Amino acid sequence: MGLANSSGTTPQAEGGEILTPTRFAIVGCGTMGMRHAEIIMGTKGARVVVAFDTDAGRAADLAKKLTIRQVASYEETLQSRDVDAVVLCTPSSLHAEYGIAAAEAHKDIVTEKPIDTDPERARRFIAAAEANQVCFTIVSQNRWHDGSWALKQALDRQMLGRPLHAHVSVKWHRDDKYYTSSDWRGRWSGEGGGVLMNQGIHYIDLLLWYLGEVAEVEAMVATSRGVIETEDIGVGLLRFANGALSTIEVSTCAYPGFSERLEIHGAKGSCILEQGKIAFWKTSDGAEPPLPNWPAPSSDFPAKYIPFQRQYQDFLRARARGTAPVVRPEEALRVIETVRMFYESATNHAAVRLRSSR
Ligand SMILES: NC(=O)c1ccc[n+]([C@@H]2O[C@H](COP(=O)([O-])OP(=O)(O)OC[C@H]3O[C@@H](n4cnc5c(N)ncnc54)[C@H](O)[C@@H]3O)[C@@H](O)[C@H]2O)c1
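For the sequence shown, the positions run 239 to 596 when the numbering used here is used.
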């Protein structure tokens, strides 16, 4: 596929219908695999045809629910001629290995975030996708809320003036069972980190999307419970290449859990997002936020599925047009490199500057 960027504009259906239905395999049929399957089945121009999980019972549950084929191995998934694209919902540290094999089998790819837990593997994943010309995106559903999207448009149009400073607060609550019920969450080998790599990553992605390249990070992390190896609290300071500063605070132990917030203050105005909605907006010239005019959701999902569906609609359009999806692999790589800067800073008790090799 030729990969021209389609980023930055509201991806309204140009000329309407996506005519070629895309047939997906769900790989990893746990919490997110089940959710993706529901979203795909409710999205026009897409359907799930294959389920695979190393836990055969989970794949069987999904196959039975959707009346689709269960396969016994990942190789069989990739050999299936009726599969156009795979959705990788395995533990995060497997994304690149599975993704590279998918690219080499000429399957298009939607992978759950993060792109992988290791930047070097992620680079090989991106190289394999490019070499095999497959359509490839990373789930970043938070970009697809009305407010998040409007803020991006506003920043691109300089509506807030030069961005000066930002703040992110992700204060969620997960109980110990959330970690102990899986063999990979809270483990360096499976998750590649803790709250920063798994939950905070959504908002680090947004900060980078809004403010660009990170120049410097200074961070501290803490682990408040005995059942995990990785951090469940992370705080940090960021300086962006454009001069903007940001603070960030992420936690999975803020009982009972709070709405996440992202605040941006520019020379001409401020915008505060709460759970992806604009909670505050004011500019010195009185301009209104540029809210998107999305196509109606194609089925009556729970509201939390709608941003995922918009990202699938973008992926389907990109496949049909031979363009690049909005959420680009190189951006997802930058995000995990930035998370790694947090860990390096916290370990060495020192600020970490962007490596010139990036
Ligand atoms: N976008 C979001 O908001 C969001 C939310 C939660 C999780 N995630 C991401 O989704 C991914 C999956 O998370 P989850 O919460 O669904 O985890 P989960 O533990 O519920 O599901 C993972 C599934 O992968 C299967 N699996 C393990 N090893 C496998 C292998 N080698 N081959 C095939 N299947 C294998 C497991 O049996 C399990 O069914 C992670 O990368 C996570 O970061 C994203």
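We put the CB at the ideal spot given by N, CA and C, even for glycine. All figures in this text were calculated on a predicted structure; none of them were measured in a lab.
- Remark: the C-beta of Glu276 is outside contact range of ligand 1, defined as less than 7 Å to any heavy atom.
- For Val321, the secondary structure class from DSSP, reduced to helix, strand or coil, is coil.
- Shortest Cα-Cα distance from Glu429 to any of Asp354, Thr281, Ala558 involves Asp354.
- The DSSP-derived three-state label of Ala284 is strand.
- A distance criterion of 7 Å places the beta-carbon of Met279 beyond contact range of ligand 1, judged by its closest non-hydrogen atom.
- It is roughly 27 Å from the alpha-carbon of Lys345 to the alpha-carbon of Pro533.
- Considering only Asp356, Ser484, Val287, the residue with the shortest C-alpha distance to Glu314 is Val287.
- Cα atoms of Trp382 and Lys506: separation of roughly 25 Å, rounded to the nearest angstrom.
- Contiguous alpha helix (DSSP H) elements confined to the stretch 306-377 occur at 312-317, 333-342, 357-369, taking only those with 4 or more residues.
- Classified as buried, Gly504 has 16 or more neighbouring CB atoms from the shown chains inside 10 Å of its CB.
- Chain order is used for the residues whose beta-carbon lies nearer than 5 Å to a heavy atom of ligand 1, namely Gly266, Gly268, Thr269, Met270, Asp291, Thr292, Asp293, Arg296, Cys327, Thr328, Ser330, Glu350, Val377, Ser420.
- Bounds of any alpha helix (DSSP H) do not take in Val564, whose DSSP letter is neither H nor E.
- For Ala297, the enclosing alpha helix (DSSP H) stretches over residues 294-304.
- Judged by pairs of C-beta atoms under 8 Å, the stretch 557-570 touches the stretch 349-364, as three or more such pairs exist.
- Residue burial annotation: Phe363 is buried, with at least 16 other C-beta atoms found within 10 angstroms of its C-beta.
- The residue from Ile574, Met435, Lys390 with its alpha-carbon nearest to that of Tyr448 is Lys390.
- Taking the Cα of Arg307 as reference, the smallest distance to any Cα among Gly399, Ala263, Leu475 is reached at Ala263.
- As DSSP reads the structure, Arg499 sits in a beta bridge with Ser407, Glu512.
- Each residue's CA atom was taken as its position, placing Ile516 and Arg261 some 35 Å apart.
- Cα atoms of Asn586 and Arg296: separation of roughly 42 Å, rounded to the nearest angstrom.
- Separation of Ala558 and Pro494 (C-alpha to C-alpha, rounded to the nearest whole angstrom) is 44 Å.
- Around His274, the same chain offers Ile264, Val325, Cys327 as residues with beta carbons nearer than 7 Å, after the five sequence neighbours per side are excluded.
- If you check the CB distance, Glu469 and Gly524 do not come in under 8 Å.
- Comparing C-alpha distances from Gly481 to each of Gly450, Pro540, His440, Ser330 shows the shortest one belongs to Gly450.
- For Glu456, the uninterrupted beta strand (DSSP E) segment begins and ends at 452-460.
- Of the residues assessed, Phe518 falls on the exposed side of the cut-off, its CB having fewer than 16 other CB atoms within 10 angstroms.
- With contacts defined by Cβ atoms closer than 8 Å, Ile510 and Glu498 do not form a contacting pair.
- The continuous alpha helix (DSSP H) containing Ile277 extends over residues 269-279.
- Collapsing the DSSP output to three states places Ile439 in a helix.
- Taken through DSSP and simplified to helix, strand or coil, Phe518 comes out as strand.
- Just measuring C-alpha positions, the residue of Tyr312, Leu476, Thr281 sitting nearest Pro259 is Thr281.
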